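**Q**
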Amino acid sequence: MRILMLSWEYPPRSVGGLARHVEDLASAIADTRNEIHIVTCGTEETPEYEIVNGVHVHRFMPYPLSTPDFHTWVLQMNVKMLENVMKLINRDGPFDIVHAHDWLAAFAGAAVKHAYQVPLVATLHATEAGRNHGLHNDQQRYISSVEWWLAYEGWKVIVCSMHMKNEVHGIFSVPLDKITVIPNGVRAEKFISVFVEHGFKNRFAREEEKIIFFVGRLVPEKGVQVLIESAAQILFTYPNAKFVIAGDGPMKNELCGLAKSRGLENKILFTGYVDDETRNKLYKIASVAVFPSFYEPFGIVALEAMAAGTPVVVSDTGGLSEIIIHGQNGLKAYPGNPDSLASNIIRLLTDEIYAEQISKGALRIVREVYDWNAIAEKTIKLYKVILKEHRRTPWGMQRPLDRFWNYALSFISQKEHEQEFKGEIKENEDFQGSYLGRDYDLVNYRIAANNHREGGNL
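Start counting the sequence shown at 427; every next residue gets the next number (this note's numbering).
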């Protein structure tokens with residue numbers, strides 16, 4: 427199967443959790459010996475093309491134009507993304523599936539679908555209405571309308587939790603049988619094998635202090651303000667605690683001010699952005715990882731903490747509620763309730779045997795349910811169902827190989843015309859048959875394609 431994925435971010439360019447999700451999913455799909463290509467934004471430091479973990483990564487730089495707003499930039503980025511997809515298809519042949527991640531890749535995804543008559547799969551990682559608890563301005567309404575359109579254009583819509591399935595159905599009226607739940611995953615081995623050097627903890631806390639760790643974007647829906655409000659109660663019961671908050675975002679100054687107003691500036695450390703290596707080490711040295719979100723479609727950071735062996739406390743909301751079984755693989759607190767959050771954190775700080783039991787239960791479920799290889803298999807299974815349905819439509823009446831021969835013949839005719847214009851007919855070595863796994867020159871392509879047509883296959 428030849429798969430095209432579209433994402434506006436992909437490592438090392440990473441704005442949120444989307445980049446990591448697409449990278450891990452694509453790598454796991456590549457492990458199944460399917461051919462997968464990613465078309466994504468790059469940076470000046472990243473190569474235009476490379477193969478990473480079996481994934482063909484094609485990067486482009488957005489047009490060097492000033493834009494009046496983010497929406498205009500997204501439209502320009504989609505045009506550039508589509509331009510690169512067209513070059514790729516014109517060079518190597520068609521794809522079986524195009525898979526667009528979130529609204530930022532919607533325009534390019536829908537254009538590829540209609541131009542090349544291939545089924546579009548859409549993954550909605552979150553919704554604008556869910557993030558903002560409603561739609562309060564024209565910008566939010568516009569983004570929500572693009573999300574609806576992407577869900578409409580998609581043959582199937584993938585979401586990461588039952589919570590998201592109900593949300594997408596409720597907001598956009600997408601039929602329930604069009605929505606498939608495939609959870610996010612985690613590569614547990616990346617976290618289990620982390621080595622923490624001597625003295626690392628001293629960068630964040632004293633040796634005798636237990637670390638309460640949060641990592642994520644500093645935005646209202648992540649609920650860091652609730653964690654700060656719970657800090658005094660936690661420190662009253664367990665004074666040797668230190669809060670380490672990793673991440674950046676528009677609320678950083680406000681949250682720093684809140685901590686200072688409570689007299690907690692020496693007990694709450696804001697690290698700013700941390701790289702993956704530092705984050706993984708912080709999971710290892712933390713006694714508790716806390717994710718007090720108001721809105722969380724899934725919560726991959728909770729899975730990472732669980733894989734690292736760190737007991738977690740989460741808000742009983744969204745996808746987090748589906749991951750955590752209270753008292754077995756983590757603890758749940760009431761959303762927006764500092765007292766509930768504090769009591770659960772204190773339980774883990776003061777009862778090490780209980781915390782160890784929680785950690786073991788968490789690692790077990792990560793390995794059994796949230797392994798990326800299993801998630802890739804579910805995704806491929808969905809692709810195959812879609813392709814089977816697609817073949818029964820007018821678009822899919824021609825077999826993929828037949829579509830390739832039509833494509834090849836049109837390409838060859840163009841090349842022959844160019845050569846005749848130059849007054850020289852010679853073998854052409856510019857176009858190689860990577861789709862078939864063999865090399866053909868122009869003459870052999872013409873013979874093979876005509877034989878295929880005369881046999882009644884075109």
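Just so you know, even glycine gets a beta-carbon here, dropped at the ideal spot from N, CA and C.
Just so we're clear, the structure is a prediction, and the values are computed from it rather than from any experiment.
Is it buried or exposed, Phe-857, if we count other Cβ atoms within 10 angstroms and call 16 or more buried?
**A** Caution applies to Phe-857, whose pLDDT of 36 falls short of 50 and renders its modelled position unreliable; the model cannot decide the point.
**Q** What does a CB cutoff of less than 6 Å around Phe-720 pick up in its chain, not counting 5 residues either side in sequence?
**A** So the list reads Glu-647, Gly-649 and Pro-761, once near-sequence residues are dropped.
**Q** In angstroms with no decimal places, state the Cα-to-Cα distance between Asn-666 and Ser-713.
**A** Distance between the alpha carbons of Asn-666 and Ser-713: 12 Å.
**Q** Report the CB separation of His-447 from Ile-464 in whole angstroms; it is logged as a contact under 8 Å.
**A** Their Cβ separation, rounded to whole angstroms, is 12 Å, which puts His-447 and Ile-464 out of contact at 8 Å.
**Q** Within the stretch 487 to 564, note down every full beta strand (DSSP E) run reaching 3 residues or more, in order along the chain.
**A** Entirely contained in the stretch 487 to 564, the beta strand (DSSP E) runs reaching 3 residues are, in chain order, 523 to 527 and 546 to 549.
**Q** Please determine, among Pro-609, Lys-668, Asn-763 and Ile-660, the residue with the shortest C-alpha to C-alpha distance to Asp-450.
**A** Ranking the options by Cα distance to Asp-450, first place goes to Pro-609.
**Q** Based on Cα-Cα distance, which residue from Val-538, Tyr-699 and Asn-692 lies nearest to Asn-516?
**A** Comparing Cα-Cα distances from Asn-516 to each of Val-538, Tyr-699 and Asn-692, the minimum goes to Val-538.
**Q** When we look at the beta-carbon of Val-441 and count the other beta-carbons within 10 Å, is it buried (16 or more) or exposed?
**A** Classification for Val-441: exposed.
**Q** Suppose contacts are defined by Cβ-Cβ distances below 8 Å. Is Leu-550 in contact with Val-583 by that definition?
**A** Yes, the pair counts as a contact, with Cβ atoms nearer than the cut-off.
**Q** Take Leu-661 and list the residues in its own chain whose beta-carbon comes closer than 7 Å to its own, dropping the five residues that flank it on each side.
**A** Only Ala-667 and Lys-693 meet the Cβ criterion.
**Q** Does the distance from the C-beta atom of Val-612 to that of Leu-729 stay below 8 Å?
**A** Contact: yes.
**Q** With distances taken Cα to Cα, identify the nearest neighbour of Trp-581 among His-559, Val-547 and His-482.
**A** Measuring from the Cα of Trp-581, the nearest candidate turns out to be Val-547.
**Q** Can you give the Cα-Cα distance for Pro-473 and Thr-553, rounded to whole angstroms?
**A** Spanning the two alpha carbons is a distance of roughly 32 Å.
**Q** Just tell me which of His-589, Val-511 and Gly-683 has its CA closest to the CA of Ser-747.
**A** Per the Cα distances, His-589.
**Q** Counting only the same chain and skipping the five closest in sequence on each side, list residues whose C-beta sits under 8 Å from that of Thr-493.
**A** Closer than 8 Å at Cβ, skipping near neighbours: Trp-499 and Gln-502.
**Q** Report back the beta-carbon spacing between Val-544 and Phe-521 to the nearest angstrom; my notes put them in contact at under 8 Å.
**A** Confirmed, about 6 Å.
**Q** Nearest-angstrom Cα distance between Phe-486 and Gly-596?
**A** Phe-486 and Gly-596: Cα-Cα distance of roughly 36 Å.
**Q** How long is the line joining the alpha carbons of Thr-776 and Val-478, rounded to whole angstroms?
**A** Looking at the two C-alpha atoms, the distance is approximately 44 Å.
**Q** For the beta strand (DSSP E) that contains Ser-741, what are its first and last residues?
**A** Element bounds for Ser-741: 738 to 741.
**Q** Who are the Cβ neighbours of Gln-659 in its own chain at under 6 Å, not counting the five residues just before and after it?
**A** Same-chain partners within the cutoff: Ala-768.
**Q** Please determine, among His-497, Asn-706, Glu-579 and Leu-681, the residue with the shortest C-alpha to C-alpha distance to Lys-627.
**A** Nearest option by C-alpha distance: Asn-706.
**Q** So what's Ala-715 in DSSP terms, helix, strand or just coil?
**A** Note: Ala-715 maps to strand in three-state DSSP.
**Q** What is the DSSP secondary structure of Thr-466, counted as helix, strand or coil?
**A** In this structure, Thr-466 counts as strand in the three-state DSSP scheme.
**Q** What did DSSP end up calling Arg-446 once you bin it into helix, strand or coil?
**A** Here Arg-446 sits in helix by DSSP.
**Q** Starting from the N-terminal side, write out each stretch of the beta strand (DSSP E) that is 3 residues or longer and does not extend beyond the stretch 664 to 688.
**A** Entirely contained in the stretch 664 to 688, the beta strand (DSSP E) runs reaching 3 residues are, in chain order, 667 to 672.
**Q** If we call anything under 8 Å between Cβ atoms a contact, is Ala-925 one with Leu-708?
**A** Shown here, the chain extends from 427 to 884; a query on residue 925 therefore has no answer.
**Q** Can the beta-carbon of Val-481 be found closer than 8 Å to that of Leu-430?
**A** For Val-481 and Leu-430, no; Cβs fall outside 8 Å.
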